[in-house]
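The sequence shown begins at 3 in the working numbering and counts up one residue at a time. Backbone N, C-alpha and C fix where the C-beta goes; we use that ideal spot for every residue, glycine too.
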Amino acid sequence: MMNTMVQVPSIALGTAEATSAHAKVVARHVDVYYGDKHALKDVGLDIPERAVTALIGPSGCGKSTFLRCINRMNDTIAIARVTGEIAIDGQDVSDPELDVVQLRARVGMVFQKPNPFPKSIFENVAYGPRIHGLARNAKELEEIVVTSLKKAGLYEEVKDRLTDQGTGLSGGQQQRLCIARAIAVSPEVILMDEPCSALDPIATAKIEELIDELRSNFTIVIVTHSMQQAARVSQRTAFFHLGSLVEEGSTVDMFTSPKDRRTQDYITGRFG
Ligand SMILES: Nc1ncnc2c1ncn2[C@@H]1O[C@H](COP(=O)(O)OP(=O)(O)OP(=O)(O)O)[C@@H](O)[C@H]1O
Ligand SMILES: [Mg+2]
Numbered sequence: 003m004m005n006t007m008v009q010v011p012s013i014a015l016g017t018a019e020a021t022s023a024h025a026k027v028v029a030r031h032v033d034v035y036y037g038d039k040h041a042l043k044d045v046g047l048d049i050p051e052r053a054v055t056a057l058i059g060p061s062g063c064g065k066s067t068f069l070r071c072i073n074r075m076n077d078t079i080a081i082a083r084v085t086g087e088i089a090i091d092g093q094d095v096s097d098p099e100l101d102v103v104q105l106r107a108r109v110g111m112v113f114q115k116p117n118p119f120p121k122s123i124f125e126n127v128a129y130g131p132r133i134h135g136l137a138r139n140a141k142e143l144e145e146i147v148v149t150s151l152k153k154a155g156l157y158e159e160v161k162d163r164l165t166d167q168g169t170g171l172s173g174g175q176q177q178r179l180c181i182a183r184a185i186a187v188s189p190e191v192i193l194m195d196e197p198c199s200a201l202d203p204i205a206t207a208k209i210e211e212l213i214d215e216l217r218s219n220f221t222i223v224i225v226t227h228s229m230q231q232a233a234r235v236s237q238r239t240a241f242f243h244l245g246s247l248v249e250e251g252s253t254v255d256m257f258t259s260p261k262d263r264r265t266q267d268y269i270t271g272r273f274g
């Protein structure tokens, strides 16, 4: 239970009310249409800072669509139309003043399929800091690369072959490389869309451990089809169904005493 209630500035949120103490991302009345298809319906959610929020629900319920609203990746889909309000630290992400390139540096993304650039391991991680001008010289850049690889739990495995192709790593290593690439630009929020679905149980366990470590510094939102994974890695869980957010709450409460019948059916495997 939250013991403090903080009102998020009303400029960004209109009449919306904040329900949690340190909401990093606040979504209110978010609707998404792909042409005529109403894919997200009036979604409101607070995503707490420095914690892991899991988005769960049956295929096609809108989890990826919601994730993409946070860093405006839906902008890249011509037929997508997004309405409503999403604010990060009170700043509306659809603010015309806001530079979308900067937004995506603040809100990093890791995808289902590891997608390293066809470049060296070093260059995969150095690319973002270089284009965002985060290093003043080669030494600083190298420091960022090494630190990011260490944070992603990959450094020991690759330190002797930083000039090898990133695509030559194993699937689990590639995914950790993609996480290193995401954290190299010091994002505030990391969005992960089924980051372990292409990985074996050992690689998955490594990524889960990593997520648990990263949450002390980052706000993480993870989409997963694995109830076990949601229960293991997240502190908050949100259940989506047919484009609506049915229920959200602490992960423990969601898994032990879901309020809605649909949530209960889904987490107990009766549908999905
Ligand atoms: N680019 C797109 N063009 C048209 N419709 C889309 C597009 N992306 C998603 N949709 C539709 O929007 C709805 C929500 O899709 P979304 O990908 O967000 O679901 P999801 O919960 O992530 O599903 P999954 O678990 O299968 O990844 C679905 O009906 C889907 O068909
Ligand atoms: Mg998806």
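Say yes only if the C-beta of residue i is nearer than 7 Å to one or more non-hydrogen atoms of ligand 2, and no if none qualify.
{"i": "Val112", "result": "no"}
{"i": "Lys65", "result": "yes"}
{"i": "Val147", "result": "no"}
{"i": "Asp195", "result": "yes"}
{"i": "Val225", "result": "yes"}
Assuming residue i contacts residue j under a Cβ cut-off of 8 Å, what Cβ separation, rounded to an integer in Å, is found between them?
{"i": "Leu156", "j": "Arg178", "result": "4 Å"}
{"i": "Asp245", "j": "Lys43", "result": "Sequence check: residue 245 is Gly here, not Asp. Sure, about 5 Å apart at Cβ, within 8 Å."}
{"i": "Ala56", "j": "Thr226", "result": "6 Å"}
{"i": "Thr265", "j": "Phe241", "result": "5 Å"}
For a test of the three-state rule: what should DSSP assign to residue i, helix, strand or coil?
{"i": "Pro50", "result": "strand"}
{"i": "Val225", "result": "strand"}
{"i": "Phe241", "result": "strand"}
{"i": "Lys39", "result": "strand"}
{"i": "Lys152", "result": "helix"}
{"i": "Leu201", "result": "coil"}
{"i": "Leu212", "result": "helix"}
{"i": "Ala18", "result": "Low confidence applies to Ala18: its pLDDT is 34, below 50, so where it sits in the model is not reliable, and the reading given next is rough at best. DSSP places Ala18 in coil when its eight states are reduced to three."}
{"i": "Gly254", "result": "The question names Gly, yet the displayed sequence has Val at residue 254. Here Val254 sits in helix by DSSP."}
{"i": "Asp162", "result": "coil"}
{"i": "Leu171", "result": "coil"}
{"i": "Pro11", "result": "Reliability fails at Pro11, whose pLDDT of 29 lies under 50, so the model's placement of it is uncertain and no value is given."}
{"i": "Thr270", "result": "coil"}
{"i": "Asp217", "result": "Checking the sequence shown, residue 217 turns out to be Arg, not Asp. Coil at Arg217, not helix or strand."}
{"i": "Val187", "result": "coil"}
What I want to know is whether the C-beta of residue i ends up closer than 7 Å to one or more non-hydrogen atoms of ligand 1.
{"i": "Ser252", "result": "no"}
{"i": "Ile81", "result": "yes"}
{"i": "Gly86", "result": "no"}
{"i": "Ala41", "result": "yes"}
{"i": "Gly59", "result": "yes"}
{"i": "Tyr36", "result": "yes"}
{"i": "Gly62", "result": "yes"}
**OP:** Go through the region 63–148 residue by residue and report every complete run of the alpha helix (DSSP H) that reaches 4 residues or more, in order.
**Re:** 65–72, 102–108, 123–133
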